[in-house]
Every structure is written in structure tokens, then in C-alpha cells.
Amino acid sequence: MIRHHISPGSPVFTPERGRELASKILRMASPDANFVAVTLIHTAQQITRFANNRLLTTDDGDDLIVKFHTEFGRKKDVSIQTNQLDDSGLLAAVRRAEALARLLPGAAINLTPPQKTGAFTYIPVDLWREGTVNALTTRPMIIPDMIDIVRSAGCIAAGFVGLMARASFVLNTDGQENYYRETDCECTVTARTPDGRASGWHGQANRAWDKIDPHLIATTAAQVAQRAANPSALEPGRRTAILSPAAVVQLVRLVTQALDANKTHHGMTPLAYKKPPHSKIGQRVMDARISIWSDPADPDGGYRPDFFEGLPEPKMTWVENGFLRNLAFDPEYGIQQGNAYAGLPWSFHMTGGTTPVEEMIKSCEEGIYVNRVSGIEMMHEPSGLLTGVTRDGCFYVKHGKIERPVKNFRFTESPFFFLNKLVSLGVSARAAFGYTPPSQIEGGFRETNWPRRPIIVPPMMVQDFNFNALADAV
Amino acid sequence: MSNAMRHDPSNGLTRRAFLAKTSLAAAGLAVGTRHLSAMTLDARRVLAGITPAMCLSEPRDPAVLRHLATQAMDAATKAGATYADIRVAERQYFVMNDQFGTELEEGFSYGVRVLIDGGWAFVHGTVPTADAVVAAARGAVAQARQNAAIVHATLSKSGHSSIQPDVPPFVPAPAVTGEWSIPITVDPFAVPIQDQMALLVGWNGTGHRHWPAYAFSVLVWRRETRVFASSTGSLVTQHFTRSRSEQYVRPGRKSGWSEPWVMTQSSVPRSGGYELVADPAIYDQITMAADETLGYAALPMGILDVGRYPVVFDGAMMGAALYTNLGLALEMDRVLGEEADSAGTSLLAPPMDVLGTAIASPVLTVTADRALPSYACVKWDDDGVVPRSGPVISAGTLVDYQTSLTTAPALAPWYQRHGQAMTSFGSAVATEADHPVQVRCGHLTVAPAQTATSIDDLIRDMSHGLLIRSGGRPATDQQLSSSSLYDNAMYFEVSRGRVVKRLMGNGVQWSTRPFWKGLTAVGDATTMRGWGDDVAKGQPWHQTLYTTSAPAGHFKAIDVVSLQ
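Just so you know, the protein sequences line up as chains Y and E, in that order.
Mapping of the first sequence onto the working numbering: position 317 corresponds to residue 329, and the numbering continues sequentially without gaps.
Mapping of the second sequence onto the working numbering: position 356 corresponds to residue 590, and the numbering continues sequentially without gaps.
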């Protein structure tokens, strides 16, 4: 159900309509402003939730936000955001922003990078899938089958189907202009046994709805729940862990925070170093098989190629063959330090290998297969130490086979520890997050809203993973 | 330390806001909430006399919001809705601290909920015209019909022929009409920005006078007009003014995570106006916090051996643990399994098996309310129900849950057994008007001891144990059956009844049931402290603020872990 109808036939505005609206707002600006930027973001969503083997509700709608940023003289800038698009409301917002900017006798910080004039080159991205757009307007009738699959397995189904389309347009008085659009989908199912003692989960996320297989998701979740029935307790301790992609993506997503240059230089991340340059740039920080990079044009993930009123997002290599190569400098800190700037890597791609999970299990003398984890919180930021709980399928592996389901564990681990204790890696692919509200350390960033930017990770087998306590939670 | 969470719906922030957020995060704070209109400026440089209201749009006449709401309900009814309701709201938001400037935000939104033949649908939007809300209502009706077809298709596959026999039919609230405001003396949006900045500077100066203590303060205001209307004739208008102002003190000698932050007693989110922060007693509280933090910093530091120890929580920590372990577990949608694929389930399920049983020590009595001055205070919840105030845990026994209209019927047998009318607790919350209605726990209050019992009294008989202060939110699990706490709290070693060391490098973990059954004593009213933090729920997730008032508490045992 689309409310803005800003571009007939499209759930979000087209480049022509975006340029028209942004240009109109830009023309409202006073000519003596020395820099003005207009950013439009239009998001349309279609959500379906089910639980207890029945449809709970749907949640549909759209939202169009206008950001107007103005600067008068050096170091005097004000930004205003509104979701009200009538001309008189927009003009009033522009005038209020300008009036306040003029009143400022000189702001404290100039966040304008010196190289902003002239045309920028934005990495071309292809993140729009017509199949998702069609599904947004027709709503796939998959819920009864998904519920039936889980119910027929003797389990209780709960789940989520989410589709999104988004467009953004940035235009500024330095001649920079960029239109970007994306679609995204996520489908997850939790299957619980009627006695409430076991559960299974599976999920997929993709830009294209036709790449999502709801039947497979429901079937897999149910199968995991069935296999997880009647779990027994296993002594906590350090054990070999075989981590599914859904588990890995939760365990590594806070690496984003560790790559912040400002925090690192102040000793607040595992990548800090006492001596100049006060970071471990150039040092080995992970297993040599691991490389981590971010690229807006990544075919498996990708993301918006601009940020901060029209600055281009560069492709960045963070870790290369285990060596730290770069940190993320925000524009202000980058200018101060004389470094290139980039957004925090909310989306990244981690190299994998070729070992299937089945082979990892066969090669495992004793260990734990972890289907999923949740409740990830940072325990100690300087070491990257996390806590969380396994869920929705935890199995004891012995002599190369899954021997039995086990009760869940609480764990304390750091990706900067276990990524140095790798045994084997599987093929990297985009992993579904499922329900993932912000950890306390991620507080407030828009990128934690649904859908999170894609993270591409492999399943992996690691040694000495710290399952430090039993958890009663199912 | 509480965290107030901010959601920027735009892709990225303004440059100044980004800096503010990064720096605040580095200082251990992040401030804000979801916003659709924001302005940032350096408040220290704003000319005298400019108020937050002058920097924001003139609020719409509430009659406009009521008109839109009634148009939507008329449209939904004509389109064939069995039941429909709508929340239409306009909100403004203002946050300021003396180091990182000021942000002002505003937004307009609405959400229509429709029920037809067992199928629920929700449609939201932000276009403030009659055409748009009518289209939203008609769209919700059309979708509800499709959803009803899905419900029937699901039932027929399972062999059921009637509508969900395990789900009682929805009974709307009796129609309510009226208008209500949170009573305020001074509108914070009418107080000049410069005066509010002077207040912050004055607070921080009070802290700095006790150098090496260092103070940090923030003022956060939110005002909202929210209209609720239903197809059964409800039409209510509420005006909320809410404060999340906080003052923190820590030693200024060193920076980093090792220095203890102490929050003042007034740093609890509440409903009310500028009079909440104009209280001169806050300066005394800052002085007390400065003395306290310097006292802690003077203690020798050490690390405790891993093991199991008795522990005393101060009131803020008690409130944080209570909410995380038991408060969230009382939310009926979670209890019934509706959050199984998102936030999780509840260890207090199934309700008919748990109600009337001991879930905690007899020392624990907890009441829930949405009354003044709590941050969650409303006259009508987002179902149009007048919230109740009452016990949820009585002398350790579970006696009630937090419910909404759609979830309360699950407790009908319990109410019948006790000769009570089956009513919703009034816990229906749409975190914003364009968010779906969820069940959210109200303000929780733990009853203090009636006899004089200070924290010193609680630790007096402790031969070797822990005292934990501050209100960092514990991490929990998907069923709320265990928790852990690490960096965001202050730990002290207690030996022979006295605090002897500040601990660095330890964390704690506990299992919910044995922990709360091991509560041996609570402090008296002088140990009461408030706590508040944002917690997420739903998919996509939405956050809202939860608050508690609790005394200190002594627990038999907690597991101490090492971070080293």
C-alpha cells in the first residue's frame, strides 16, 4: 500500500522525479548560502508476520524524508529533516534553517572536506530487482504453505516475510548529484516443538524475491527443530565450534565498530596499538585466510554509494590475508588526520573457503554445531569480547557425526580471538540476520534498522570457542 | 548508565549530528529517538530569546488530527471493517548538551489497524491529508480481507473449519471520548535555548567545582499530540510532555572505561515540564554524586576470583535487572508466543501454569502502572483502554501480566477463578503512531522494606561478596532465563561488611529463577532509585523506553566471571 504516489507505477521515486523535487527545494535556498545540499530518501515496505501457526498481521506503508543542509560562510551550517512535502512547509523549513545558520556567529567545526567541489564519481551499483517490486505490489501468498510445512512436522510456526524498496537522491550546490535505488527481502521461520523444549530456525535474505525459497526455509526450520528435540546438557567449556552462516554473521557484525579510526586511536578497540600510528595497520590481526572488504557494487550485498550530503563511498579493503590495511575515518577526523574518509563498514564481505559444513562435521572429533546465536552484546570493547546465547539448534558432534542435540550455551568470545583459531571455511554468501535490534554499542545508527546492510560470511569451524555456561533458554 | 537510543530514518546523519553521536558514544552515551524532522545547531551561539518552539513548526490544531482520524474511521467502516482504529500523532523532540550542541526534530505520522473475519492488517503513512488517511484506511481493509483469506486457508490445511478455535473473538474497548494533557507548569519548548544551556553549564560547573570530578549533562524533551479513534466510536486526544534529562559525574583525571560514572537521582525519565529540571535540589544531587564518584576512585582497584558470591544491587541496578529478567517476561504477546521469531519467548509461560506460583523470593512485590510521573504515563493506551495500576508480583507470587485487548482474553480463566472482570491491563503501546501496537510493560515499582535498611545494612553481614551500582542494562537471552553484565556497571568487593576495593576486569552472570528466588532482603525507601532504558521488540524492531523504581536488594548468589 503506497501512500506517496510520487512516481506513478513505481513504489519509490524515479530519478527524474527525485531530481525534480530536489531541484525545487534547492531553488528555495537563498543565493548567498555558500553550500546547500538536499537529500531525499523514500522507503516502501511490505511486512507479514505469523506466529502460533497463524497469520498475526501485515504492516505496510511508505515514508519520504527530505534533508536540507545549508552553510553560510565558513563553519556555519544547519540541517533540517522533514517528512512533510507541501511547498509551503518545505519553504518554511528552508527559511528556518537558513535563519538559524545566519544567526550563528561561527560554528565550532567545519565538516566540509576540501575536495568536495566539482563532480564526484559514485560507484555504479545494481541493487534493484523488478521481481521484488512485483512482489511488493502483489503480496506473495506463501504463508499458508509455510505454516503447513512446520505444522505437519509437529511444530509450531512463527515467522517474518519482509520486502522493501528504497530510493535516495542527493543534490548539492557544488554540482554533485546521485540517484540510488535498492530492493531487499528477508524471510525467516522459527519452528518450536509443542513441549517448548526445542526450536529450529532458518532464514534467507536477498535483493531479489525470486532468490528466496520460503518452502526451503520452513522445511529447514522444522527439520532443525525436530532434530533438536529432547536436548541434553553438555558440560560447558572451550570446544571446537562449527558455526553456521547465521551464527557467524551475528558474531562478526560488531567488527564494524572496531574499524572506527577515532575509537581505535584512543585505545578503545582490539585494533589499537600503544605506539604510533596507534593502530595495528600493517600487522596480522586474523588468520591469513581472512580478507574483509566493503564495496557498494558487491553483487552479493552492495549498498548506497554516497553519504554525508554527497560524498562518495569508496571501495575499501579492511583486512587483507589477515593483515589490517585500513580503518574507517569519518570526514571530520579524516581531514584532521590527513586520511581518506569512508563510512563505517556496516556492510562487508569476508572471504571464505570451499569446505561444506558436512565436511566440517565429518572432520570434527568432538565439537558443537551452532545453528544460530542471539543477544549479542559487547562485554569489553578493547578486546572485542562479546557475550550471547546459542539458540534454535545446538548439536554435539562426535567422531565426525552429529550425536545428539544439546541445551543452549551462553558464550563469551571475540571475533579477534576465534578468527585466529580457524580450522576450515565454507563458501561465503549473504546470511540472513533475522531479528537483530541494535546492540548497546551500536546505539542509534540508522544502519541498524531493518533491513540491515548485507554482510557476506562463510560458515566456519574454529577451535577453543568459549561456551562458558549452560543457558536454560530455548 | 542508561542509554537513550536514537534512530535516524535517513541514510546517514547530518555531519554535525554524526560528530555528536560519535563523541557521545565514545563518552558512553547515545541520545535520541526516531525522528522525521531534525535541525542541528551550536546552541552556545544562538541569540538570546530563541526557544525550541521558534525553531520548529507551529503544531497543528488537534482538531485537524481528529478530523483526519474520523475520516479514516468512516472510510474503514464503509469499506466493511469489522473493527478499525487509528493513531494520528504529531511530535517534536529537543536534545541538548553543552559540548555537542542541540538537535530539534519533528514528525507527523499515523497508523490504521483493521480487523475483518479474523484477519488483522496495519497500514501506516506520513502524508497529512484526508485523501491519504482515507486511502490508508481503505488499503488496510483490503489487506485485512486478504489476510482473512490467509487465515482461513491456513485453518483448512490444518483441518479446522472455524476461525482459530484457540483465539477468543476480539472485543473492542468501550467507546471513550475526551482530551487530556500531562500536567506541566512550564513548557520546555517555550524556555529559551540559551537559558537551558545555562542550566546545563550550571549543573556541569557544580560537578567541576569538585575537581577532579567532571560532570556531563543532557536535556531531552519530547512533546506529542496523539489522537486515537476507533470504529466503535472512540475519539480521544492526549498531549504528552516527557523528559529524559540526565546528569553524570566521574573523575576527570583520566578518560576511558576505568573511571566510575555516577548518575544523579533525578536522572530518571519522567512525564512533566521544565519544572522537573528547574529543581534546585539537582545541584545538591550533583554534589553528592561528585563526592560519591571521588570516593570510589580513591578505592584500591583489583579483580575478584571467578566464583559464586552474595551480591547487593543498588536501586538502579535492581531496576535494570528486574526489567530485563521479569518485566519483559510479563508482556503477554511474548508469553503467548507472538514474538517467537523476533524478540523471543518468556520463561513465565504458559500463563495458566505460572499464575499463582512463586516465581521469586517472598521479599519481592512489584506493581505496574502508567500513572504520573512515569514516562509511560497515559490516560488511554493505544487500544483506547484506561490503564490499570496494580500488583504483578505479590510477595514473590505471580498475580498478573501486562496485557492488551488482543492478549488479555488468554487470562480469562484466572480472572474468573478470582471473581474479577477480565480486563486489559492497558499495556497496548504503539511506539510511534505509524508503528504497530505491541504489549509493553508499564513502569515497575518494587516495594521497599518497611524497616530501616540501608545499603550498609545490606552488606553488613557479608563476609565476602559484591556490591554493584549503576544501571547498565544486562544482556539477556531469547527466553529471559539468564543475564550477564559487564562493562556498564560499577563493581565493588565487600569484605567483612565493608567495601574494600573497586573491581576492574570482572563481569557477572545469573540465571533468572534461582537468582530472584535468592533475593533475601531489600532496602528501605531511602535506597529507592530510578532506572530507564530503551528496549526493542517486534519485527522490524521498534524501541520504547522502560522505567523502574526499586530499592537496593541483597541476593544469595551471583556468578562472577573474569574479562581477562
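Note that the Cβ used here is the ideal one computed from N, Cα and C, for glycine as well.
Open item on the list: For residue 354 of chain Y and residue 520 of chain E, what's the separation of their Cα atoms in angstroms?
Closed with: 40 Å
Open item on the list: In this structure, how does DSSP classify residue 559 of chain E when only helix, strand and coil are distinguished?
Closed with: helix
Task: Member of E:306, E:319, E:291 and E:576 whose CA lies at the smallest distance from the CA of residue 95 of chain Y - done: E:291
TODO: Would you list the residues sitting across from residue 198 of chain Y in a DSSP beta bridge?
DONE: Y:174 and Y:217
- [ ] Starting from the C-beta of residue 424 of chain Y, find all residues in its chain whose C-beta is less than 8 Å away, skip the five residues before and the five after it, and write them out in chain order.
- [x] 391, 397, 398, 399, 478 and 480
Task: Nearest-angstrom Cβ-Cβ length linking residue 535 of chain E and residue 735 of chain E, presumed shorter than 8 Å - done: 7 Å
Open item on the list: Threshold first: 4 residues or longer. Then list the alpha helix (DSSP H) segments lying entirely within the stretch 358 to 406 of chain E, N to C.
Closed with: 364 to 392
Open item on the list: For residue 756 of chain E, tell me which candidate among E:597, E:424, E:428 and E:402 has the shortest Cα-Cα distance.
Closed with: E:597
Task: Near-chain E residues of the stretch 389 to 402 of chain Y (beta-carbon distance less than 8 Å), N- to C-terminal order - done: 389, 390, 391, 392, 393, 394, 395, 397, 399, 400 and 401
Open item on the list: So that I know if they touch, is there some Cβ in chain E lying closer than 9 Å to that of residue 383 of chain Y?
Closed with: no
Task: DSSP state of residue 245 of chain Y mapped onto helix, strand, coil - done: Residue state for residue 245 of chain Y is assigned as coil, using DSSP reduced to three classes.
TODO: Determine the DSSP secondary structure at residue 350 of chain E, reduced to helix, strand or coil.
DONE: strand
- [ ] Could you tell me whether any Cβ in chain E is nearer than 9 Å to the Cβ of residue 439 of chain Y?
- [x] no
Task: Pair within 9 Å by beta-carbon distance, residue 63 of chain Y and residue 572 of chain E - done: yes
Task: Short CB-CB distance (under 9 Å) between residue 373 of chain Y and chain E - done: no
Task: Contact with chain Y by residue 770 of chain E, beta-carbon distance below 9 Å - done: yes
Task: Span separating the alpha-carbon of residue 363 of chain E from that of residue 302 of chain E - done: 7 Å
- [ ] Could you pull out every residue in the same chain whose Cβ sits closer than 7 Å to the Cβ of residue 475 of chain Y, ignoring the five residues on either side in sequence?
- [x] 252, 433 and 435
Task: Whole beta strand (DSSP E) elements within the stretch 430 to 461 of chain Y, 3-residue minimum - done: 434 to 437
TODO: At 8 Å on the CB atoms, spell out the chain Y contacts of residue 289 of chain E, in chain order.
DONE: 108 and 112
Open item on the list: Please list, in chain order, the residues of the stretch 694 to 714 of chain E that have any C-beta partner in chain Y closer than 9 Å.
Closed with: Result list: 706, 707, 708, 709, 710, 711, 712, 713 and 714.
Open item on the list: Comparing C-alpha positions only, which one of Y:387, Y:393 and Y:315 sits nearest to residue 360 of chain Y?
Closed with: Y:315
Open item on the list: So for residue 289 of chain E, helix, strand or coil by DSSP?
Closed with: Here residue 289 of chain E sits in helix by DSSP.
Task: Closest Cα partner of residue 446 of chain Y within the set Y:91, Y:174 and Y:182 - done: It is Y:174 whose Cα lies nearest to the Cα of residue 446 of chain Y.
Task: residue 701 of chain E versus E:709, E:690 and E:707, residue with shortest Cα-Cα distance - done: E:690
Task: Under 9 Å between C-beta atoms of residue 746 of chain E and residue 680 of chain E - done: no
TODO: Would you mind giving the Cβ-Cβ distance between residue 38 of chain Y and residue 48 of chain Y, rounded to the nearest angstrom? I have them listed as a contact below 8 Å.
DONE: In this structure, residue 38 of chain Y and residue 48 of chain Y form a Cβ contact; the two beta carbons are roughly 6 Å apart against a cut-off of 8 Å.
Task: Beta carbon proximity, residue 68 of chain Y to chain E, threshold 9 Å - done: Yes, residue 68 of chain Y lies at the interface with chain E (some Cβ there is under 9 Å from its Cβ).
TODO: Label residue 776 of chain E either buried or exposed according to how many other C-beta atoms from any shown protein chain fall within 10 Å of its C-beta, with 16 as the threshold for buried.
DONE: buried
Task: Runs of alpha helix (DSSP H) wholly within the stretch 616 to 654 of chain E (minimum 4 residues, chain order) - done: 646 to 651, all fully within the stretch 616 to 654 of chain E.
Task: Residue-level contact to chain Y via CB, residue 347 of chain E, 9 Å cutoff - done: Interface residue, yes.
- [ ] Determine the burial state of residue 613 of chain E: buried for a count of at least 16 other Cβ atoms within 10 Å of its Cβ, exposed for fewer.
- [x] buried
Task: residue 794 of chain E: contacting residues in chain Y (beta-carbon distance under 8 Å) - done: Going along chain Y, no residue has its Cβ under 8 Å from residue 794 of chain E, so there is no contact; the nearest lies around 12 Å.
TODO: Can you check DSSP and say which residues form a bridge with residue 191 of chain Y?
DONE: Y:181
Open item on the list: For residue 632 of chain E and residue 458 of chain E, what's the separation of their Cα atoms in angstroms?
Closed with: Approximately 34 Å, taken between the alpha carbons.
Open item on the list: At the 9 Å Cβ level, is residue 242 of chain Y part of the contact set with chain E, yes or no?
Closed with: no
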